[in-house]
Amino acid sequence: MLRKQGMKRSMARFDIVGQLGSLRRYARSLTRDSTDAEDLVHDALVRAYERRATFRSGGNLRAWLLAIVHNIFIDRMRSRRSE
Numbered sequence: 257m258l259r260k261q262g263m264k265r266s267m268a269r270f271d272i273v274g275q276l277g278s279l280r281r282y283a284r285s286l287t288r289d290s291t292d293a294e295d296l297v298h299d300a301l302v303r304a305y306e307r308r309a310t311f312r313s314g315g316n317l318r319a320w321l322l323a324i325v326h327n328i329f330i331d332r333m334r335s336r337r338s339e
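Taking my numbering, the leading residue of the sequence shown gets 257, the next gets one more, and so forth.
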């Protein structure tokens with residue numbers, strides 16, 4: 257029972273579904289391509305999940321997720337330039 261309550265509390269602070277629209281719009285503005293934008297959002301959500309322990313309790317989830325989207329986009333642009 258305690259484990260389920262702990263999971264609910266930890267998931268409550270990650271209302272990612274509510275942020276998907278913002279993430280998609282921002283990714284689309286960066287990539288100018290809907291397919292690339294969806295890939296970017298997917299990769300950002302994977303990274304956010306992997307690094308969820310770094311999110312500060314009470315922090316701005318939207319800003320944290322948008323920063324991840326931005327950083328992945330920059331990483332991709334740098335890797336394309338070096339090819």
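Glycine residues also receive a C-beta, built at the ideal position from the N, C-alpha and C atoms.
Nearest candidate by alpha-carbon position, reference residue i, set the options
i       : options                            : result
Asn-327 : Arg-312, Arg-288, Tyr-282, Ser-290 : Tyr-282
Phe-329 : His-298, Arg-312, Ala-309, Asn-316 : His-298
Arg-332 : Gly-277, Leu-279, Asp-271, Asp-292 : Asp-292
Gln-275 : Arg-303, Leu-317, Arg-284, Glu-306 : Leu-317
Ala-323 : Arg-303, Ala-309, Glu-339          : Arg-303
Glu-294 : Arg-337, Arg-280, Ala-309          : Arg-280
Coarse secondary structure for residue i, derived from DSSP in three states
i       : result
Asp-289 : coil
Gly-277 : helix
Ile-272 : coil
Asn-316 : coil
Phe-329 : helix
Glu-339 : coil
Whole-Å CB distance - residue i paired with residue j, under 8 Å assumed
i       : j       : result
Ala-300 : Leu-321 : 7 Å
Leu-296 : Val-325 : 6 Å
Arg-284 : Ser-290 : 6 Å
CB contact below 7 Å: residue i versus chain D
i       : result
Asp-289 : Annotation note: the requested chain D is absent from the structure, which comprises a single protein chain.
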